[in-house]
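Working notes, structure below.
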Amino acid sequence: MDKYREDILDRGIGYAKKVYFCILLKKNMKQEEESELDRNIKFNATLLLTIGLVLASFYEGMPRIISTYGYMIFFPLLVSGIMSFITSVCFAELVTLNPNSGGSYRYVYYTMGELMGFLVGWSCICTSVMQVCEKTIMMTQNIDLSLFDGRMSNFTSKYLSIGGFENYFLRILPNAELENIILILAVIGVSILGVRKGIFVVYIIALFNILIICSCITIFWFYMDLSKFNILGATEDFTFFTEGSVEGHLFYMNFEVAIFGGAETVKPTTTIPRGLVEGFHIGFMFYMVSVILYSARKGAAEKNTTEPDMKNALWNLGFKTFSVLPPIGLVLCYFLSAIAEIFEATRVMYTMANDGLMFPIFGKAHRRFPNHFNSHIFLAVVCCLVGVFIGVAPSTKWAIIAMETSIRIMVLIAYLVLRYQCDSEDLSLEEYALKKRWVLTNFPHALNKPTKTTHTISMLLIFLSVISIILSELIMIFFIIGTNNTLIFLRIGFVICILTAFISVQLLNQQPVNSRKYFLYKVRGIPFTPMLAITWYSLILMFLPPYIWVKIFCWYLLGLLFYFSYACLRSVEYRKHEAVGEVESPSEVSLPSA
Numbered sequence: 001m002d003k004y005r006e007d008i009l010d011r012g013i014g015y016a017k018k019v020y021f022c023i024l025l026k027k028n029m030k031q032e033e034e035s036e037l038d039r040n041i042k043f044n045a046t047l048l049l050t051i052g053l054v055l056a057s058f059y060e061g062m063p064r065i066i067s068t069y070g071y072m073i074f075f076p077l078l079v080s081g082i083m084s085f086i087t088s089v090c091f092a093e094l095v096t097l098n099p100n101s102g103g104s105y106r107y108v109y110y111t112m113g114e115l116m117g118f119l120v121g122w123s124c125i126c127t128s129v130m131q132v133c134e135k136t137i138m139m140t141q142n143i144d145l146s147l148f149d150g151r152m153s154n155f156t157s158k159y160l161s162i163g164g165f166e167n168y169f170l171r172i173l174p175n176a177e178l179e180n181i182i183l184i185l186a187v188i189g190v191s192i193l194g195v196r197k198g199i200f201v202v203y204i205i206a207l208f209n210i211l212i213i214c215s216c217i218t219i220f221w222f223y224m225d226l227s228k229f230n231i232l233g234a235t236e237d238f239t240f241f242t243e244g245s246v247e248g249h250l251f252y253m254n255f256e257v258a259i260f261g262g263a264e265t266v267k268p269t270t271t272i273p274r275g276l277v278e279g280f281h282i283g284f285m286f287y288m289v290s291v292i293l294y295s296a297r298k299g300a301a302e303k304n305t306t307e308p309d310m311k312n313a314l315w316n317l318g319f320k321t322f323s324v325l326p327p328i329g330l331v332l333c334y335f336l337s338a339i340a341e342i343f344e345a346t347r348v349m350y351t352m353a354n355d356g357l358m359f360p361i362f363g364k365a366h367r368r369f370p371n372h373f374n375s376h377i378f379l380a381v382v383c384c385l386v387g388v389f390i391g392v393a394p395s396t397k398w399a400i401i402a403m404e405t406s407i408r409i410m411v412l413i414a415y416l417v418l419r420y421q422c423d424s425e426d427l428s429l430e431e432y433a434l435k436k437r438w439v440l441t442n443f444p445h446a447l448n449k450p451t452k453t454t455h456t457i458s459m460l461l462i463f464l465s466v467i468s469i470i471l472s473e474l475i476m477i478f479f480i481i482g483t484n485n486t487l488i489f490l491r492i493g494f495v496i497c498i499l500t501a502f503i504s505v506q507l508l509n510q511q512p513v514n515s516r517k518y519f520l521y522k523v524r525g526i527p528f529t530p531m532l533a534i535t536w537y538s539l540i541l542m543f544l545p546p547y548i549w550v551k552i553f554c555w556y557l558l559g560l561l562f563y564f565s566y567a568c569l570r571s572v573e574y575r576k577h578e579a580v581g582e583v584e585s586p587s588e589v590s591l592p593s594a
């Protein structure tokens, strides 16, 4: 009996050591990785995909948030856009170092260990499934209301009632939304056809939407009425900044999908960084212009709690024929977002399977044409079940924001760790010249060898941007939120802090250094600039409803169970270390002496 207990204890200690080793295990980064996938993605596709994803909320989200919080929503959207732009440059630098199909999952795996990387990949898959279901449901509702006057939903509720069920964690819809199956299968079908055919769809959708958006901006430009703009009066209620920042954060989510196509992109170290940064910059400028023009159009109220849309705004201005295009553009935006989410989920599953952290069936490409066939089929089944019978709760939006924001924070932390630890010899990038210290890039751009003076100027700019954001947050939190304080100097100071932060952070963004092979994006002001974005994302998480964290905790708990029961036992990196004897197998671990 004692020998049996000792044997169990022996195996338990061995397993605990293995788990501990796996948690701290990091994957070695390679500049270029071999892949069986075809390289079909070019710069134009990356640029248009990023622009299309940034502008996905133009038709529905922007009118709704302006009518709810007023034209002062411009400022939280401005700050969120700056932080997302900093994030895009960080992503661009990471892709320059190592383009791959894992994206966020791989970068965290390289720097923070296998467990944290697995949880990031697990979160990417979860958010992708939720967003595919959410987008297809929205497409179904818009098509039903615009083309069929609600007859589709009336038919399903009348003839397909199955009885509902709902509690805190799960619900079953009383009426099966079978019409969602068609759109889910259409999204999966376009994605499963391959990247080459999917790029053609991206071109059509993105160009069509850009044409409609430019036309809307032009129309609103000729119908501006700036007489009602009063910044001091609009800042009496600062809920626009707290609540509006969270909802406005949705505008800049998922634009980084292009980083998951590193193994399928032509010249990825040049194509992805340029398309990502320039695409986000273009979409960001579209939003800043359109927010002002839409809120300043003739006949627009300062605040209107009813949810308007772009169609009614154009109809009221007299453009009745043109007003039919925004609903079509809205459906196409949802369709493009759903395709992008499937693209992200399948690539993460493919990479995790090749790393041994997911079922091997997801790591195999189709024999006839390189594609993630098995993961597409799996996601089609899951999305159909969720979208038809379970549905998407209203709180799903907050869960998506929380998980996507958490992923960004983890990637930015991984970026800081990587920037501090990496050496240029390990990465074989002579031009990049990374050092094992915090790097301040040169200012101004013309100087190849920065001096103490240029470093001092950079540090002053960094200090100015950080202080500006901190002051604006302190004013917002301690003086204005929840009070009736209408002191003019506080409101003026708040606006000045925001504008100063915008100007100073824009000065911190390093332009790409063009070489023969790379567009070397480097972020200025390490570690302060990424930490600025991390601080902002942390505030976004603080503004979310507390009950959301219970559901997210349950999802992460499920991921931990899967990791400790399956993934850590089959990790490719662990087996490599075990083969060379760097770690003992559980059967060889001996009990410590007394």
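Numbering follows the UniProt record's numbering, in which position 459 of the sequence shown is assigned residue number 459; successive positions increment by one, without gaps. For every residue, glycine included, the Cβ atom is placed at its ideal position computed from N, Cα and C. Since the model is a prediction, treat every value here as computed from it, not as a measurement.
Please report the distance separating the alpha-carbon of residue 319 from that of residue 564. Along the sequence shown, one-based indexing puts residue 319 at 319. Along the sequence shown, one-based indexing puts residue 564 at 564. When rounded, the distance between both Cα atoms is 59 Å.
Reduced DSSP category for residue 130 - H, G, I as helix; E, B as strand; rest coil: On the sequence shown, residue 130 is found 130 positions in, with the first residue counted as 1. The answer is helix: DSSP assigns residue 130 an H, G or I state.
For residue 272, collect the residues of the same chain with a Cβ closer than 8 Å to its Cβ; drop the 5 residues on either side in sequence, then sort them by chain order. Within the sequence shown, numbered from 1, the residue matching residue 272 stands at position 272. Contacts found: 46, 92, 95, 99, 258, 259, 261, 262, 265.
Cutoff 6 Å; reference residue 56; Cβ partners in own chain excluding five residues on either side: On the sequence shown, position 56 is the one that residue 56 refers to. Result list for residue 56: 333, 337, in chain order.
Is it buried or exposed, residue 311, if we count other Cβ atoms within 10 angstroms and call 16 or more buried? To locate residue 311, count along the sequence shown from 1; it is residue 311. Residue 311 should be labelled buried.
Taking residue 557 as the reference, which of 105, 119, 223, 132 has the closest Cα? By 1-based counting over the sequence shown, the position of residue 557 is 557. The candidate whose alpha carbon is nearest that of residue 557 is 119.
Assign residue 416 to buried or exposed, taking buried as 16 or more other Cβ atoms, counted over all protein chains shown, within 10 Å of its Cβ. Residue 416 sits at position 416 when you count from the first residue of the sequence shown. So residue 416 ends up on the buried side.
Just how far apart, CA to CA, sit residue 403 and residue 15? Translated into positions along the sequence shown, residue 403 becomes position 403. Translated into positions along the sequence shown, residue 15 becomes position 15. When rounded, the distance between both Cα atoms is 30 Å.
Answer with buried or exposed for residue 482, where buried requires no fewer than 16 other C-beta atoms within 10 angstroms of its C-beta. As a position in the sequence shown, residue 482 is number 482, starting the count at 1. Bear in mind that the predicted position of residue 482 carries a pLDDT of just 44, short of 50, making it unreliable; the figure below should be weighed with that in mind. With fewer than 16 Cβ atoms within 10 Å of its Cβ, residue 482 is classed as exposed.
So the candidates are 317, 363, 208, 109; which of them puts its Cα closest to the Cα of residue 35? Position 35 of the sequence shown, counted from the first residue, corresponds to residue 35. Here the closest residue by C-alpha is 363.
Give me the Cβ distance between residue 60 and residue 330, rounded to the nearest whole Å; I'm assuming they're in contact under 8 Å. Looking up residue 60 in the sequence shown gives position 60. Looking up residue 330 in the sequence shown gives position 330. The Cβ separation is near 6 Å, so the contact holds.
With respect to the alpha helix (DSSP H) encompassing residue 281, which residues constitute its N-terminal and C-terminal limits? The residue given as residue 281 occupies position 281 in the sequence shown. Per DSSP, residue 281 belongs to the alpha helix (DSSP H) from 268 to 295.
Return yes when the Cβ of residue 188 is within less than 8 Å of the Cβ of residue 376, no when it is not. For this step, residue 376 is matched to residue 376 along the sequence shown. For this step, residue 188 is matched to residue 188 along the sequence shown. Yes, they are a contact pair.
How would you label residue 361, buried or exposed, when you count the other beta carbons within 10 angstroms and need 16 or more for buried? Position 361 of the sequence shown, counted from the start, is the residue given in the question as residue 361. By the 10 Å Cβ count, residue 361 comes out exposed.
CA-CA distance, residue 569 and residue 276? Numbered from 1 along the sequence shown, position 569 holds the residue referred to as residue 569. Numbered from 1 along the sequence shown, position 276 holds the residue referred to as residue 276. Using only the alpha carbons, I get a separation of about 36 Å.
To which residues does DSSP link residue 111 through a beta bridge? In the sequence shown, residue 111 corresponds to position 111, counting from 1. None, per the DSSP bridge assignment.
Taking 8 Å as the cut-off, decide whether the C-beta atoms of residue 220 and residue 293 are in contact. The residue you call residue 220 lines up with position 220 of the sequence shown. The residue you call residue 293 lines up with position 293 of the sequence shown. The answer is yes: Cβ separation under 8 Å.
Put residue 526 into one of helix, strand or coil per three-state DSSP. As a working note, residue 526 is residue 526 in the sequence shown. Of the three classes helix, strand and coil, the one that applies to residue 526 here is coil, per DSSP.
Going by DSSP in three states, residue 253 sits in which element: helix, strand or coil? Within the sequence shown, the letter at position 253 stands for residue 253. In the structure shown, residue 253 sits in coil (DSSP, three-state: anything other than H, G, I, E or B).
Please return the same chain residues whose Cβ sits closer than 7 Å to the Cβ of residue 183, not counting the five positions on each side in sequence. Walking along the sequence shown from the start, residue 183 turns up at place 183. Same-chain partners within the cutoff: 136, 139, 140.
If we call anything under 8 Å between Cβ atoms a contact, is residue 48 one with residue 202? For the purposes of this step, residue 48 is identified with residue 48 of the sequence shown, where counting begins at 1. For the purposes of this step, residue 202 is identified with residue 202 of the sequence shown, where counting begins at 1. It is a contact, given that the beta carbons lie within the stated cut-off.
Which one or two residues does DSSP pair with residue 265 in a beta bridge? Residue mapping note: residue 265 aligns to position 265 of the sequence shown, counting from 1. Its beta-bridge partners are 41.
Buried versus exposed call for residue 12 [16 or more other C-beta atoms within 10 Å across all chains shown]: Counting from 1 along the sequence shown, the entry for residue 12 is found at position 12. With fewer than 16 Cβ atoms within 10 Å of its Cβ, residue 12 is classed as exposed.
CB residue 124 to CB residue 345, shorter than 8 Å? On the sequence shown, residue 124 is found 124 positions in, with the first residue counted as 1. On the sequence shown, residue 345 is found 345 positions in, with the first residue counted as 1. Their beta carbons are under 8 Å apart, which means residue 124 touches residue 345 by this criterion.
Where residue 529 and residue 254 are concerned, what is the direct C-alpha to C-alpha distance, given to the nearest angstrom? Numbered from its first residue, the sequence shown carries residue 529 at position 529. Numbered from its first residue, the sequence shown carries residue 254 at position 254. Near 21 Å, if we compare the C-alpha coordinates of residue 254 and residue 529.
For residue 43, decide whether its Cβ has a neighbour in chain C, counting only Cβ atoms nearer than 8 Å. Of the protein chains in the structure, only one exists, and it is not chain C.
Going by the CB atoms, is the gap between residue 283 and residue 73 shorter than 8 Å? The count along the sequence shown starts at 1 and reaches residue 73 at position 73. The count along the sequence shown starts at 1 and reaches residue 283 at position 283. No, Cβ-Cβ distance for residue 73 and residue 283 is not below 8 Å.
Could you pull out every residue in the same chain whose Cβ sits closer than 7 Å to the Cβ of residue 168, ignoring the five residues on either side in sequence? Here residue 168 refers to the residue found at position 168 when the sequence shown is read from its first residue. Confidence in residue 168 is poor, its pLDDT being 45 and thus under 50, which makes the residue's placement unreliable; the coordinate value appears in the next sentence. Here the set comprises nothing.
What is the DSSP secondary structure of residue 224, reduced to helix, strand or coil? Translated into positions along the sequence shown, residue 224 becomes position 224. Residue 224: strand per DSSP, three-state reduction.
Quick check on residue 321: does DSSP put it in helix, strand or coil? If you number the sequence shown from 1, residue 321 lands on position 321. Residue 321 falls in the coil class under three-state DSSP.
Just to confirm the assignment, what range does the alpha helix (DSSP H) spanning residue 373 have? Stepping through the sequence shown from its first residue, residue 373 is reached at position 373. 373 to 385 is the extent of the alpha helix (DSSP H) around residue 373.
Less than 8 Å between the C-beta atoms of residue 533 and residue 87, yes or no? Position 533 of the sequence shown, counting from 1, holds the residue named residue 533. Position 87 of the sequence shown, counting from 1, holds the residue named residue 87. For residue 533 and residue 87, yes; Cβs fall inside 8 Å.
Pick from 281, 397, 536, 190 that is closest to residue 133, judged by C-alpha positions: By one-based count along the sequence shown, residue 133 stands at place 133. It is 397.
Taking residue 93 as part of the alpha helix (DSSP H), name the residues at either end of that continuous run. By one-based count along the sequence shown, residue 93 stands at place 93. Residue 93 -> alpha helix (DSSP H) spans 74 to 97.
For residue 77 versus residue 251, is the C-beta distance shorter than 8 Å? The residue given as residue 77 occupies position 77 in the sequence shown. The residue given as residue 251 occupies position 251 in the sequence shown. Yes.
Residue 196 burial status per 10 Å Cβ neighbour count (16 or more: buried): Counted from its first residue, the sequence shown places residue 196 at position 196. The residue in question, residue 196, is exposed, as its Cβ has fewer than 16 Cβ neighbours within 10 Å.
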